[in-house]
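Undergrad:
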Amino acid sequence: MSTTIDTRGFSCPQPVLMFLNAVKADDHGPFCVLVDNDASLENVSRAARNRGFSVETSAEADGVTRLDISKQ
Amino acid sequence: MKPGFNFFSTTTGIIATGLVFGVLAVLLQQSGNPGNMGICVVCFNRDIAGALGLHRAAVVQYLRPEILGMVLGAFGAALAFGEYKPRGGSAPITRFLLGAIAGIGALVFLGCPWRVILRLAGGDAFALFGLAGLIFGVGIGTVFFRKGFSLGRSQSQGKVSGLILPGIMLALTALYLADPQIAGEAKSGVLFYSLKGPGAQHAPFIFSICAGLAVGFLAQRSRFCTMGALRDVLLFKQWHLALGFLAMLAAALVLNLFFGAFHPGFENQPVAQPDNLWNFLGMTTAGLAFALAGGCPGRQLFMAGEGDNDAAVFALGLLVGTAMAHNFGMASSPASVGPHGIAATLAGLGICLCIGFFNCKRGA
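Here the protein sequences line up with chains A and B, keeping their order. Using my numbering, the first residue of the first sequence is number 1, and each one after it goes up by one. Using my numbering, the first residue of the second sequence is number 1001, and each one after it goes up by one.
1) Between leucine 34 of chain A and chain B, is the shortest Cβ-Cβ distance under 8 angstroms, so that the two count as touching?
2) How long is the line joining the alpha carbons of phenylalanine 1245 of chain B and valine 1254 of chain B, rounded to whole angstroms?
3) Chain A beta carbons: is any one of them nearer than 8 angstroms to that of lysine 1085 of chain B?
4) Excluding the 5 residues preceding and the 5 following proline 1003 of chain B in the sequence, name in chain order all residues of the same chain whose CB lies nearer than 8 angstroms to its CB.
5) In the DSSP assignment, find the unbroken alpha helix (DSSP H) run with arginine 66 of chain A in it and report its ends.
6) Whose CA, out of B/Gly1013, B/Gly1082, B/Leu1318, B/Ile1093, lies closest to the CA of alanine 1049 of chain B?
7) My understanding is that methionine 1303 of chain B touches alanine 1311 of chain B, with C-beta atoms under 8 angstroms, so please give their C-beta distance in whole angstroms.
8) Looking at C-alpha atoms only, which residue of B/Gly1088, B/Val1190, B/Leu1241, B/Pro1334 is the closest neighbour of phenylalanine 1266 of chain B?
9) Which residue comes first and which comes last in the beta strand (DSSP E) that contains isoleucine 1209 of chain B?
10) Give me the subset of the stretch 1212-1245 of chain B whose CB atoms are less than 8 angstroms from a CB atom of chain A, sorted by chain position.
11) Compare the C-beta of glycine 1013 of chain B against all C-beta atoms of chain A and say whether one is closer than 8 angstroms.
12) Measuring only between beta-carbons, confirm whether arginine 1056 of chain B sits less than 8 angstroms from chain A.
13) Is phenylalanine 10 of chain A close to chain B, meaning its C-beta is less than 8 angstroms from at least one C-beta of that chain?
14) Taking three-plus beta-carbon pairs below 8 angstroms as touching, is the stretch 1005-1022 of chain B in contact with the stretch 1214-1230 of chain B?
15) Just to confirm my understanding: we take leucine 1243 of chain B, look at its own chain, exclude 5 residues before and 5 after, and list those with CB closer than 6 angstroms. What are they?
16) In chain A, which residues lie less than 8 angstroms from asparagine 1006 of chain B when you measure between Cβ atoms?
17) At the level of alpha carbons, what is the spacing between glycine 1158 of chain B and serine 40 of chain A?
18) Provide the residue span of the beta strand (DSSP E) that contains leucine 1249 of chain B, from first to last.
19) So, is glycine 1298 of chain B buried or exposed, given that buried needs 16 or more other C-beta atoms within 10 angstroms?
20) Under the assumption that isoleucine 1365 of chain B contacts alanine 1325 of chain B (Cβ atoms under 8 angstroms), give the Cβ distance between them as a whole number of angstroms.
21) The beta strand (DSSP E) that contains valine 33 of chain A, what's its start and end?
22) Contact check, asparagine 1276 of chain B vs phenylalanine 1129 of chain B under 8 angstroms by CB: the rounded distance?
23) Quick check on asparagine 50 of chain A: buried or exposed, where buried means 16 or more other Cβ atoms within 10 Å of its Cβ?
24) Just the C-alpha distance for leucine 17 of chain A and cysteine 1296 of chain B, rounded to the nearest angstrom, thanks.
25) Using CA atoms only, rank isn't needed, just tell me which of B/Gly1162, B/Gly1111, B/Cys1112, B/Ala1100 is closest to glycine 1307 of chain B.
26) Of the residues B/Phe1314, B/Thr1285, B/Lys1361, which one's Cα is nearest the Cα of phenylalanine 1136 of chain B?
27) Out of B/Phe1207, B/Ser1031, B/Gly1099, point me to the one whose CA is closest to alanine 1315 of chain B's CA.
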C-alpha cells in the first residue's frame, strides 16, 4: 500500500518538502505523489532519484501527473 | 500535462541557461544599460514605475523592455509547451505585500539577486554584503518552511485571468513604441524618460526586448530562480538551481574580464551605496520576502507568464513597492541610505517575520 501525497495547488518547495517529510516517516515507501505543474514534477522526481528511488510517471485527468516512487 | 523530456531541466540545461543569462547581461551593459545592471528585475521595475509616473525620481525613469520581454517570453514558452495554466488564490494580498517589501528592501541595497550576481561579477565588494544578507534572509525563510510555512494551495482559474499580466506587458510595449524617447526631452506622450542617471542609460530597444524574450523563454523552461538556488541548498542540499546561479556569475565574470569591465574593490562602483550594514539587512529583508513568496523577482515574472495569478500579484506589489521606495525616501542613493531606508528595512523585516510566523502549520 503506497502513501499518497497530494501536492496539487502547491508550488516548490512545498511538494518536495511534503515528499521528504513522508520519506522521513517511512524511508522505503512506496509513495504516490500527485503534482499539477511541471516544475514540481521535475523537482520531486529529482529529489526522489537523488535518494535512490525510482520514479514512474503517468498522466491523470485535469493536468495532474501521478508519480509512483519506490525503492529499486 | 504530459510527462516529457525537458532538456532545460537537466543539469546541463540549467548551466547553459545561467551561462546565456550572464552573457546577455554583460552584453546589455556593454550596449548601454547601467553598470553591473544588465538585468536587474527590481531596478527595472523601479524604472518602469518612473516611466509611468508612479514616482517622480528624475534619474530612474525608463520603460525597461527587458521586463516586458521576460514576462512575454515566459508566456510564449508556457503556451508552446502546454504549461500555460491559470491558477491563483493562494494569499494574494500577502503576496502583494511581500512584493512591495522585497522591492523596498532590494532598493536599500540597490539591486535584486540578479544584480547581486552582476555586481559580484563586476568586482563590486559591497555586493558581498548583499549576498550575505540574501543568504541570511533566505535562510530565515527555510526555517519557516521547516516549521510548515505555507501560503496555502492555489486553485485553477479561468483561462483569461492568466492573460492579464502578459496583456499589461504587451500594452506597455505598444505604449513604448507609441511614445518613444525624444532626445533631450523628459517626456514623450504619457511616458517619462530620464535625461541623466541610470534611467538615461539603456541598450537599444530591439536588443533589450529580444534579450528579455530569450531570458523569459529559457527561464520558464529551466525554472531558473536566484532565490531558489540558495533556498534549495539550505533546505535540502539540492544544488541544481545553484548551478544556474553560479554559471551566470561565471559567464558574467569572464566576459567582464574580457571587456576590461572587472574593477574589484569598494571604489567607484556603479549604482552602489557604501553602508554595508544596510546592504546586508536590506537584502535580508528582500531575501526573506522572496523566500516566503516562493521565488526571486525574475521567477515571479516567469510564473506570471505561465498564468500564475499570485505571482502576477507579487509582481504588481513589487512595482508599487519600488515606486513607494522613491516617493517616501526609502531607496538608497549612491551617496547613502535614504532618510527612511533604515526604518523601512526593519519594518519590512518585522512584517515578513510575522507573515512567516502566522502561516506556519506543522505538517502542512
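All C-beta atoms in this analysis are idealised placements derived from N, C-alpha and C, irrespective of residue type, glycine included. Note that the structure is predicted; figures quoted are calculated from it, not measured.
TA: To lay it out plainly:
1) Within the first sequence, the letter at position 34 stands for residue 34 of chain A. No, its Cβ sits nowhere closer than 8 angstroms to a Cβ of chain B.
2) For the purposes of this step, residue 1245 of chain B is taken as the residue at position 245 of the second sequence. For the purposes of this step, residue 1254 of chain B is taken as the residue at position 254 of the second sequence. Distance between the alpha carbons of phenylalanine 1245 of chain B and valine 1254 of chain B is about 14 angstroms.
3) Here residue 1085 of chain B refers to the residue found at position 85 when the second sequence is read from its first residue. For lysine 1085 of chain B, the answer is yes, since a Cβ of chain A falls inside 8 angstroms of its Cβ.
4) Within the second sequence, the letter at position 3 stands for residue 1003 of chain B. Its pLDDT being 49, under 50, proline 1003 of chain B is placed unreliably in this model, and the coordinates cannot settle the point.
5) As a first step, residue 66 of chain A must be located in the first sequence, where it is residue number 66. Here arginine 66 of chain A belongs to no alpha helix (DSSP H); instead the beta strand (DSSP E) covers 65-71.
6) Position 49 of the second sequence holds residue 1049 of chain B. Among B/Gly1013, B/Gly1082, B/Leu1318, B/Ile1093, the Cα nearest to that of alanine 1049 of chain B is on B/Leu1318.
7) Position 303 of the second sequence holds residue 1303 of chain B. Position 311 of the second sequence holds residue 1311 of chain B. Contact check for methionine 1303 of chain B and alanine 1311 of chain B: beta-carbon distance about 4 angstroms, within the 8 angstroms limit, so the pair qualifies.
8) One-based indexing of the second sequence puts residue 1266 of chain B at position 266. Sorting B/Gly1088, B/Val1190, B/Leu1241, B/Pro1334 by C-alpha distance to the C-alpha of phenylalanine 1266 of chain B places B/Pro1334 at the top.
9) If you number the second sequence from 1, residue 1209 of chain B lands on position 209. Not the beta strand (DSSP E): isoleucine 1209 of chain B falls in the alpha helix (DSSP H), residues 1205-1222.
10) Under the 8 angstroms Cβ criterion, the stretch 1212-1245 of chain B contributes Arg1223, Gly1228, Arg1231, Asp1232, Leu1235, Phe1236, Gln1238, His1240.
11) The sequence position of residue 1013 of chain B within the second sequence is 13, counting from 1. Residue-level contact check: glycine 1013 of chain B does not touch chain A, since none of the beta carbons of chain A fall below 8 angstroms from its beta carbon.
12) Here the question's residue 1056 of chain B lines up with position 56 in the second sequence. Interface with chain A (8 angstroms Cβ-Cβ cutoff): arginine 1056 of chain B is excluded.
13) What you label residue 10 of chain A is simply residue 10 of the first sequence in a count that begins at 1. Yes, phenylalanine 10 of chain A counts as interfacial toward chain B.
14) Using a Cβ-Cβ distance cut-off of 8 angstroms, the stretch 1005-1022 of chain B and the stretch 1214-1230 of chain B are in contact, since at least three pairs of beta carbons, one from each stretch, lie closer than that value.
15) Along the second sequence, read from residue 1 onward, the residue named residue 1243 of chain B stands at position 243. Only Ile1014, Ile1015 meet the Cβ criterion.
16) As a working mapping, residue 1006 of chain B is identified with position 6 in the second sequence. Close to asparagine 1006 of chain B, with beta-carbon spacing below 8 angstroms, are these residues of chain A in chain order: Asp38, Glu42.
17) Here residue 1158 of chain B corresponds to residue number 158 of the second sequence, with the count starting at 1. Here residue 40 of chain A corresponds to residue number 40 of the first sequence, with the count starting at 1. Their Cα atoms are separated by approximately 21 angstroms.
18) The sequence position of residue 1249 of chain B within the second sequence is 249, counting from 1. For leucine 1249 of chain B, there is no enclosing beta strand (DSSP E); the residue is found in the alpha helix (DSSP H) stretching over 1240-1259.
19) Locating residue 1298 of chain B in the second sequence gives position 298, counting from the first residue. Glycine 1298 of chain B sits buried, since 16 or more C-beta atoms from the chains shown fall within 10 Å of its C-beta.
20) The structure shown does not extend to residue 1365 of chain B, since chain B is modelled only from 1001 through 1364, so no value can be given for it.
21) Within the first sequence, numbered from 1, the residue matching residue 33 of chain A stands at position 33. Element bounds for valine 33 of chain A: 31-35.
22) Walking along the second sequence from the start, residue 1276 of chain B turns up at place 276. Walking along the second sequence from the start, residue 1129 of chain B turns up at place 129. Contact between asparagine 1276 of chain B and phenylalanine 1129 of chain B holds, with the beta-carbon distance rounding to 4 angstroms and staying under 8 angstroms.
23) For the purposes of this step, residue 50 of chain A is identified with residue 50 of the first sequence, where counting begins at 1. Per the 10 Å Cβ criterion, exposed.
24) For the purposes of this step, residue 17 of chain A is taken as residue 17 along the first sequence, with counting starting at 1. For the purposes of this step, residue 1296 of chain B is taken as residue 296 along the second sequence, with counting starting at 1. Taken atom to atom, the span from the alpha-carbon of leucine 17 of chain A to that of cysteine 1296 of chain B is near 19 angstroms.
25) Start at 1 with the first residue of the second sequence, and residue 1307 of chain B comes out as number 307. Minimum Cα distance to glycine 1307 of chain B is reached at B/Gly1162.
26) Your numbering for residue 1136 of chain B matches position 136 in the second sequence. Minimum Cα-Cα distance from phenylalanine 1136 of chain B among the listed residues B/Phe1314, B/Thr1285, B/Lys1361 corresponds to B/Thr1285.
27) Along the second sequence, read from residue 1 onward, the residue named residue 1315 of chain B stands at position 315. Each of B/Phe1207, B/Ser1031, B/Gly1099 was checked against the Cα of alanine 1315 of chain B, and the nearest Cα belongs to B/Gly1099.
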